[in-house]
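In numbering that gives the first Met the number 0, the protein residues as written are 0 to 587. Ideal Cβ positions, reconstructed from N, Cα and C, are used throughout, including at glycine. None of the values given here were measured: they were computed from a predicted structure. Remarks on the structure that follows.
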Amino acid sequence: MTGKGPLLITLAEDVEPGPSGNRLEMTAFGKPAQIWRERREVVRADRISFDQVRKTIYMSAGINRPVKLDWARQQWITAEKSVQFDQDAGRAVFAGPGELEFASDQMKGPAHFIYQDKLFFDFTADPNADEIDLANLKPEQLSFANGIEGAFEDMHFVAQDLMCQFEADPNGEYLPTHVVAEGPGETLRLTNEKQDYQVTGDILEGDAQTNIWRIHGNPARALTLQQEDRIEGATIIADLNKQLFEVAESSRLFASFAGDPFEPASVKPVQLHVFSRRGVTYDHAVGQIVMREPNALIEQVEKNRQVTRLLCPVLTIQLADETKMPLDEPNHVESGTNLNLATLTAHGQEVNILRSEYDLASDELLSLLKMRSKNLRFDNINQTMTAEGPGWIDSYDYQPTEPKSALPKDRSLNSALPGLLGRTGPSRAMIIFERQMRFEKPPGELTFEGDVNVGYLPLYDDPQAQLQLAGAASEMKSLRCDKLTLTFAEDKAKTDPNAPAWGDLKQVAATGSVITEAAFSDGQTHYLAGENLVYDRSTETVRMTGTMEQPIYLDGLRCTLVRWNVKDGSFEVKYVGRDGSKGENKNL
Numbered sequence: 000m001t002g003k004g005p006l007l008i009t010l011a012e013d014v015e016p017g018p019s020g021n022r023l024e025m026t027a028f029g030k031p032a033q034i035w036r037e038r039r040e041v042v043r044a045d046r047i048s049f050d051q052v053r054k055t056i057y058m059s060a061g062i063n064r065p066v067k068l069d070w071a072r073q074q075w076i077t078a079e080k081s082v083q084f085d086q087d088a089g090r091a092v093f094a095g096p097g098e099l100e101f102a103s104d105q106m107k108g109p110a111h112f113i114y115q116d117k118l119f120f121d122f123t124a125d126p127n128a129d130e131i132d133l134a135n136l137k138p139e140q141l142s143f144a145n146g147i148e149g150a151f152e153d154m155h156f157v158a159q160d161l162m163c164q165f166e167a168d169p170n171g172e173y174l175p176t177h178v179v180a181e182g183p184g185e186t187l188r189l190t191n192e193k194q195d196y197q198v199t200g201d202i203l204e205g206d207a208q209t210n211i212w213r214i215h216g217n218p219a220r221a222l223t224l225q226q227e228d229r230i231e232g233a234t235i236i237a238d239l240n241k242q243l244f245e246v247a248e249s250s251r252l253f254a255s256f257a258g259d260p261f262e263p264a265s266v267k268p269v270q271l272h273v274f275s276r277r278g279v280t281y282d283h284a285v286g287q288i289v290m291r292e293p294n295a296l297i298e299q300v301e302k303n304r305q306v307t308r309l310l311c312p313v314l315t316i317q318l319a320d321e322t323k324m325p326l327d328e329p330n331h332v333e334s335g336t337n338l339n340l341a342t343l344t345a346h347g348q349e350v351n352i353l354r355s356e357y358d359l360a361s362d363e364l365l366s367l368l369k370m371r372s373k374n375l376r377f378d379n380i381n382q383t384m385t386a387e388g389p390g391w392i393d394s395y396d397y398q399p400t401e402p403k404s405a406l407p408k409d410r411s412l413n414s415a416l417p418g419l420l421g422r423t424g425p426s427r428a429m430i431i432f433e434r435q436m437r438f439e440k441p442p443g444e445l446t447f448e449g450d451v452n453v454g455y456l457p458l459y460d461d462p463q464a465q466l467q468l469a470g471a472a473s474e475m476k477s478l479r480c481d482k483l484t485l486t487f488a489e490d491k492a493k494t495d496p497n498a499p500a501w502g503d504l505k506q507v508a509a510t511g512s513v514i515t516e517a518a519f520s521d522g523q524t525h526y527l528a529g530e531n532l533v534y535d536r537s538t539e540t541v542r543m544t545g546t547m548e549q550p551i552y553l554d555g556l557r558c559t560l561v562r563w564n565v566k567d568g569s570f571e572v573k574y575v576g577r578d579g580s581k582g583e584n585k586n587l
């Protein structure tokens with residue numbers, strides 16, 4: 000023992016009558032006084048008092064000289080006011096503020112904590128021992144009250160109160176096990192700046208050895224640091240070794256992505272809000288979010304306001320590794336802005352989508368799209384969208400009637416589909432497919448396969464009246480085929496702010512058992528059947544080609560070529576007579 004101040008040791012016999020016998024009291028003063036054992040400083044304090052009978056040790060600090068206790072190798076605690084050990088109670092009370100550092104061979108690095116008020120150190124006490132072995136304390140529990148923060152393995156921790164239990168491993172080393180922490184009002188926070196995430200809540204409990212925690216809150220949150228994209232729920236189960244976060248019951252996801260999956264050329268952020276009835280799993284290490292029984296809301300403001308609702312059994316969101324994003328794509332963003340979306344997959348036998356488009360100025364509903372399919376997938380890196388059949392799309396366009404000579408721009412997929420058979424005003428188109436729907440950009444093709452049926456109806460007027468109002472002679476009313484391909488013009492969203500996100504619908508191509516119904520402004524109806532059909536939107540011309548072996552049928556007339564001018568309602572045909580003779584007829 001060393002000290003720069005006076006050392007007082009008192010030994011007395013029967014100072015007071017009683018069963019205690021001999022009594023040793025010792026007080027050491029210093030700046031600081033120190034206790035060493037086996038060449039290791041165990042205690043440092045300005046005053047150290049020991050009472051043998053009461054089995055207590057009291058240590059007090061000086062100005063800018065806190066009490067320090069090295070209670071085991073690589074483990075120490077400080078207190079700026081005092082420390083009181085009671086051997087019979089098996090407890091030491093540290094009056095702070097102060098610090099604690101804990102390390103073991105099983106940890107990657109030391110854990111360091113700062114407490115603001117009190118630290119309660121419960122240890123295994125031997126009632127028959129004459130003294131407390133300060134150099135080899137056997138901790139049972141550490142409790143912090145009224146404010147604590149710490150750092151361990153890239154993690155920063157903040158709470159109001161914390162309790163940590165200890166157990167001895169097979170080698171006799173005491174390690175922290177069960178931990179409970181409280182931080183009312185979301186003052187409980189776990190932050191990992193290196194891995195860019197934070198967990199907040201009111202109560203934390205878990206195992207320090209497995210690093211698996213349960214965070215309870217109203218709500219508890221796991222979020223990214225830069226954008227605060229987050230999941231929420233009453234309880235989050237966090238496996239910090241795997242960076243895996245899970246909410247078992249109802250939960251919410253809030254996120255912001257660069258670009259709308261439904262509008263491949265869009266560049267502005269979309270807001271995604273998902274409520275999940277059966278919870279969410281967020282694998283932060285691989286950037287994957289899985290939501291069970293979700294109700295998703297996707298909202299974007301670009302040329303107009305787009306609102307999409309999505310319902311499905313399971314929704315999987317895969318975030319992109321930034322190195323895999325093509326730099327020339329508008330959907331690519333630098334880190335620190337919005338999350339890069341790689342894929343969004345809606346799993347299940349029934350995936351439902353409702354997509355609405357509103358005017359920015361008036362908030363008027365411009366178009367509406369309803370869709371049902373199986374297993375819908377958006378691939379943002381490869382710019383594809385696929386859906387398994389059987390499925391259907393029901394699309395409504397509320398744009399006012401336009402002359403056929405001045406086709407309006409297709410602002411979105413909602414407004415493009417009703418115009419695929421010929422837009423003449425507010426209208427509805429329904430597409431039914433059995434096998435698959437797929438969009439690829441490039442080349443800007445939307446394809447439906449497997450017994451495809453397309454129907455077209457005006458929304459308000461009867462077909463004949465709407466054709467007359469639009470100044471159009473004819474239009475396709477229905478189309479049936481094995482495969483339908485819609486080709487959109489090259490988008491100019493990067494250079495032309497007025498360009499439609501999808502590009503104008505350029506061409507409609509149908510193959511395999513094609514049947515179409517042509518409606519005319521004078522009330523006539525004609526039917527065409529063949530193996531192929533191409534509708535050029537720029538010239539408003541429908542072309543069908545056939546052979547002698549596989550002819551085209553126009554109202555029963557066998558043809559090898561039909562060219563139909565939708566704008567003026569005229570036909571140009573090459574036909575085959577019953578006797579095999581050939582002929583041509585214009586303006587049929």
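Looking from the CA of M543, the closest CA among G216, H283 and C480 belongs to C480. For N145, the three-state secondary structure derived from DSSP is coil. The residue among D87, T234, R90 and M58 with its C-alpha nearest the C-alpha of T77 is M58.
Comparing C-alpha distances from L456 to each of N584, P442 and S426 shows the shortest one belongs to S426.
Under the three-state reduction of DSSP, A508 is assigned to strand. The segment 247-261 makes no contact with the segment 194-212; the number of CB pairs closer than 8 Å stays below 3. Shown here, A134 sits in a helix according to DSSP, grouped into three states. Counting the other Cβ atoms within 10 Å of the Cβ of N381 gives fewer than 16, which makes it exposed. In the DSSP assignment, Y395 is bridged to L367 and R427.
For L532, the three-state secondary structure derived from DSSP is strand. Taking a 10 Å sphere around the C-beta of Q305, we find 16 or more other C-beta atoms and assign the residue as buried.
Around the C-beta of H272, fewer than 16 other C-beta atoms lie within 10 Å, and the residue is accordingly described as exposed. In the structure shown, L416 adopts helical secondary structure according to DSSP, grouped into three states. For Q549, there is no enclosing beta strand (DSSP E), as DSSP marks it with neither H nor E. Assignment of beta-bridge partners to S255 by DSSP yields Q270. C163 sits in a strand when the DSSP states are folded into three classes. A Cβ-Cβ separation of about 17 Å leaves G149 out of contact with H177 under the 8 Å criterion. Counting along the chain, the unbroken beta strand (DSSP E) around L118 starts and ends at K117 to F122. Here the alpha carbons of L367 and Q299 stand approximately 15 Å from one another. Note that the C-beta distance between L365 and Q398 is below 8 Å. An exposed status is given to M547, since fewer than 16 other beta-carbon atoms sit within 10 Å of its beta-carbon. Between the alpha carbons of Q73 and A221 lies a distance of about 32 Å. Counting every other CB atom within 10 Å of its CB across the protein chains shown gives K193 a total below 16, marking it as exposed.
Inter-residue distance for Y574 and F447 is about 30 Å (C-alpha atoms, whole angstroms). Residue state for K241 is assigned as coil, using DSSP reduced to three classes.
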